[in-house]
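Here's the structure, in structure tokens; my notes come after.
There are 2 protein chains.
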Amino acid sequence: MFAERIEDLVESPVREILKVIDRPGMISFAGGLPATECFPELDLSCVNSEHLQYGPSEGDTELREHVASLLCERGLETTADRVLILSGSQQGIDLVAKLFVERGTRVSVETPTYLAALQVFDLFGAEYSGYSADNPVLGNAPLTYAIPTFQNPTGHCYSDAQRRALALACDQANSVLFEDDPYRDLVYDDCDRTPVCSYIRNSEWVYQSSFSKSYAPGLRLGYLTCSEALFPHLVRLKQAADLHSCRISQRLILSLLQQSSSRNQKLTDFYRYRRDHFEKALTRLFSDIADWQRPVGGLFFWLALRPEFSIDTRELLKRSISSGVAFMPGEPFYPKGLQAVPGLRLNFSHASPEAADKGLQILASIIRAACESRV
Amino acid sequence: MFAERIEDLVESPVREILKVIDRPGMISFAGGLPATECFPELDLSCVNSEHLQYGPSEGDTELREHVASLLCERGLETTADRVLILSGSQQGIDLVAKLFVERGTRVSVETPTYLAALQVFDLFGAEYSGYSADNPVLGNAPLTYAIPTFQNPTGHCYSDAQRRALALACDQANSVLFEDDPYRDLVYDDCDRTPVCSYIRNSEWVYQSSFSKSYAPGLRLGYLTCSEALFPHLVRLKQAADLHSCRISQRLILSLLQQSSSRNQKLTDFYRYRRDHFEKALTRLFSDIADWQRPVGGLFFWLALRPEFSIDTRELLKRSISSGVAFMPGEPFYPKGLQAVPGLRLNFSHASPEAADKGLQILASIIRAACESRV
Chain D
1044 MFAERIEDLV
1054 ESPVREILKV
1064 IDRPGMISFA
1074 GGLPATECFP
1084 ELDLSCVNSE
1094 HLQYGPSEGD
1104 TELREHVASL
1114 LCERGLETTA
1124 DRVLILSGSQ
1134 QGIDLVAKLF
1144 VERGTRVSVE
1154 TPTYLAALQV
1164 FDLFGAEYSG
1174 YSADNPVLGN
1184 APLTYAIPTF
1194 QNPTGHCYSD
1204 AQRRALALAC
1214 DQANSVLFED
1224 DPYRDLVYDD
1234 CDRTPVCSYI
1244 RNSEWVYQSS
1254 FSKSYAPGLR
1264 LGYLTCSEAL
1274 FPHLVRLKQA
1284 ADLHSCRISQ
1294 RLILSLLQQS
1304 SSRNQKLTDF
1314 YRYRRDHFEK
1324 ALTRLFSDIA
1334 DWQRPVGGLF
1344 FWLALRPEFS
1354 IDTRELLKRS
1364 ISSGVAFMPG
1374 EPFYPKGLQA
1384 VPGLRLNFSH
1394 ASPEAADKGL
1404 QILASIIRAA
1414 CESRV
Chain G
1044 MFAERIEDLV
1054 ESPVREILKV
1064 IDRPGMISFA
1074 GGLPATECFP
1084 ELDLSCVNSE
1094 HLQYGPSEGD
1104 TELREHVASL
1114 LCERGLETTA
1124 DRVLILSGSQ
1134 QGIDLVAKLF
1144 VERGTRVSVE
1154 TPTYLAALQV
1164 FDLFGAEYSG
1174 YSADNPVLGN
1184 APLTYAIPTF
1194 QNPTGHCYSD
1204 AQRRALALAC
1214 DQANSVLFED
1224 DPYRDLVYDD
1234 CDRTPVCSYI
1244 RNSEWVYQSS
1254 FSKSYAPGLR
1264 LGYLTCSEAL
1274 FPHLVRLKQA
1284 ADLHSCRISQ
1294 RLILSLLQQS
1304 SSRNQKLTDF
1314 YRYRRDHFEK
1324 ALTRLFSDIA
1334 DWQRPVGGLF
1344 FWLALRPEFS
1354 IDTRELLKRS
1364 ISSGVAFMPG
1374 EPFYPKGLQA
1384 VPGLRLNFSH
1394 ASPEAADKGL
1404 QILASIIRAA
1414 CESRV
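Chains as they are written, first to last, in the working numbering: chain D, 1044 to 1418; chain G, 1044 to 1418.
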């Protein structure tokens, strides 16, 4: 009865975890949830009745113009008429997958990579090649998916050399670069955040970002820009997907973007403090269990479990949840057919410092107990 | 470079027309645009910071419960845990197409039918069988798409016998019924609006509706319910498409739904008046040019051109737009491979009565001139 693609549509662990993190007392390191304390005040005075009517599929003109200026500031040459407003950047993945991916299409990705992107590529029948940021061999894949700035889940930020190398590899392999950049505003230390797409010379490219992390995910708003040849197709796909994005959200975001810039400073100060506190707890509790890099931006620590603590983290999650702590298991971040390294993705931005201390202590105890009982 | 499906992705005439209808002075009979005068007042007091966070893919619990009660009132037995909130009902078409349609899948539709549904089914590679409401032969199609209440574009409302016959045909052919019901609240005369899905006995089914027509399209909010076996798949597809719908929109709609019911009476009075005025002008100007049925609900008159005025309505549209009048040409409402009857879809709800009179006069003159010059 179903289309063949439905065989590849598995329940996402994100969904399963989002279901339980609302339980009273649950300490969550699971989602990429921004801190509720940082959400903006909303004011409907920017909305009038015309914004309740149908609008253009591309998005509202003023917002597209503002986004184009943001994109130019970060080094990406584009214009408002090549900006497409999205219903969150998850939608961008759906549109790009529709444009390029059919059964057997090879997609080149870092391993690990964002699990909900893999879910969409899987749905359309993708096969995968893995590449590493240090030596990006793209394996003849027509599409390359990358999160060069505060990668999800590893938190890695590509160096200038890595950015240029990826762009060159895409040009040489004639692989379309799909750069996903939702975390860029959450930056805590000096680092290069130049869009890799700005270094592309010949190949086609799509660059997308989101307002979910820096403003509010509940508004479901993101945006993309792309090389000229792709834009009309992506607009048609957008129209077929949902006609256009919520116009109230578009007005609210535009209004917030036009306000002061102090917001971003407060946001990054808040998150930097949480990151640093979180890392102290990790050093205290996990130094012998796992290895990690301190992320210079974004929302996650990626803990690679040491061989003596190697464990199926999906099994670990079940025990952890029953002890009141949620995290994201590492396995779903690996594409099918490629080797997974046991790891945990820990969000440091959502839990309070006190809750983080408590949750990490519980989590470390569970891992120790699980691995001791095994010996 | 592109996936094969992109060959079937053509520019939609809806998009092209939406681009021009904002021109000053343009009289538009084109879109399914509700009257701006009828939009509700919005008030953000129902939104607090928790609604700015990520939410469940299925939609917010309170809204799902309210929708479930609405669905039960209209005769569809369902529960809140089988309600999925959509980013407009266009998204429901995308999700259902992903679930059932792959290259060569036969979809049974009325001819003509909603062009943006055809656009999505085309994208996923559908072939078509046409059925008629009087004698629904479904041609062994695994999926049947129907708009039984105030059909788009014809405005036809199925009789009780037609509703039962379609349900029986789906049961007998084991064809999944996808019932699209966005216009049901815009009802001007007595008629049967019982969901055809409520008569299904064995087959699977999906029923969807929208808040765009009765509240505000700019909020991009709709909903579906379906038979039990389909629900988990549709939720996963929804998650992959955009994680969840805008939570501000969900709160605003819930708040409006909880308010008085006088709104709907005012809305239907307003539209009934426009319909009646529009029909008088049609009778005055088009009686010899076309045939039509007075729609008992919805937003459209469907004018079937008489043989002596038969003309390619896409060509007619170009001339009409340059004279300041937009309408929807009939051809795109016919699936590829099935015979189109020359017709025009005229929206009667958006233009003021004075603008409608003027626009219809211009349109009739253009048709007469085009057909006279031909003789």
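Cβ coordinates follow ideal geometry from the N, Cα and C atoms, glycine included.
Here the structure is a predicted model, which means the values were calculated and not measured.
Starting from the C-beta of residue i, find all residues in its chain whose C-beta is less than 6 Å away, skip the five residues before and the five after it, and write them out in chain order.
i	result
PRO1396/D	HIS1320
ASP1400/G	ALA1324
What does residue i touch in chain B if you count any residue whose Cβ is under 8 Å from its own?
i	result
GLU1105/D	Among the chains of the structure shown, chain B does not appear; the protein chains present are D and G.
Express the C-alpha separation of residue j and residue i in angstroms, rounding to a whole number.
i	j	result
LEU1113/G	LEU1119/G	9 Å
TRP1345/G	PHE1072/G	11 Å
ARG1206/D	ASP1177/D	10 Å
THR1122/G	GLY1074/D	28 Å
ALA1204/G	ALA1347/G	25 Å
ARG1117/D	THR1237/D	6 Å
LYS1062/D	ASP1235/D	36 Å
ILE1243/D	ASP1223/D	15 Å
GLY1402/D	SER1330/D	16 Å
ILE1410/G	PRO1372/G	13 Å
GLN1282/D	GLY1131/D	15 Å
ALA1394/D	LYS1256/D	15 Å
SER1218/D	PRO1385/G	45 Å
VAL1339/G	SER1392/G	13 Å
ALA1324/G	TRP1335/G	13 Å
SER1366/G	THR1326/G	22 Å
ILE1332/G	LEU1267/G	40 Å
GLU1080/D	VAL1239/G	47 Å
ILE1049/G	SER1202/D	36 Å
LEU1166/G	ALA1169/D	18 Å
LEU1095/G	ARG1107/G	18 Å
PRO1185/D	ARG1149/D	7 Å
LEU1389/G	ASP1233/G	22 Å
TYR1377/G	PRO1155/G	5 Å
GLU1271/D	ILE1136/D	18 Å
ARG1227/G	VAL1152/G	19 Å
Determine which residues share a DSSP beta bridge with residue i and list them.
i	result
ASN1217/G	Answer by DSSP bridge pairing: none, since ASN1217/G is not bridged.
GLY1147/G	GLY1147/G is not bridged to any residue.
GLN1251/D	ASP1223/D and LEU1267/D
ILE1128/D	TYR1266/D
TRP1345/D	ARG1388/D
LEU1186/D	VAL1150/D and VAL1219/D
GLU1170/D	ARG1149/D
ILE1405/G	BP columns for ILE1405/G are empty, so no partner.
VAL1368/D	ILE1070/D
From the DSSP output, in three-state form, read off residue i for me.
i	result
TYR1314/G	helix
SER1298/G	helix
LEU1095/D	helix
ASN1307/D	helix
ALA1398/G	helix
GLU1374/D	helix
GLY1261/D	helix
ASP1334/G	strand
GLY1102/D	coil
ALA1163/D	The question names Ala, but residue 1163/D is Val in the sequence shown. Residue state, collapsed to three classes: helix.
Skipping 5 residues on each side, what residues in its chain have a beta carbon closer than 7 Å to that of residue i?
i	result
GLN1133/D	ALA1159
ALA1046/G	none
LEU1262/D	PHE1254, SER1292, LEU1295 and ILE1296
ARG1317/G	PHE1391, SER1392 and PRO1396
PRO1064/G	Position check: residue 1064/G holds Ile in this sequence, whereas Pro was assumed. Closer than 7 Å at Cβ, skipping near neighbours: SER1071, ALA1073, GLY1074 and ALA1369.
LEU1138/D	LEU1277, LEU1280, LYS1281 and ALA1284
GLN1404/G	LEU1328
GLU1145/G	PHE1167 and GLY1168
Residues in its own chain within less than 8 Å of residue i by CB, not counting five upstream and five downstream?
i	result
ARG1362/G	ILE1409 and ALA1413
VAL1082/G	The residue asked about is misnamed: residue 1082/G is Phe in this sequence, not Val. The answer, listed in chain order, is TYR1258 and ALA1259.
ASN1245/D	ASP1214 and ASN1217
>> Below 8 Å, how does it come out for the segment 1086-1094 of chain G and the segment 1279-1298 of chain G: are there three or more Cβ pairs, yes or no?
In response: yes
> With a cut-off of 8 Å, do at least 3 Cβ pairs link the segment 1302-1310 of chain D to the segment 1349-1363 of chain D?
Replying inline: no
> With a cut-off of 8 Å, do at least 3 Cβ pairs link the segment 1092-1106 of chain G to the segment 1187-1202 of chain G?
Replying inline: no
>> Taking contact to mean 3 or more Cβ pairs, one atom from each stretch, closer than 8 Å, check whether the segment 1165-1181 of chain G and the segment 1373-1383 of chain G are in contact.
In response: yes
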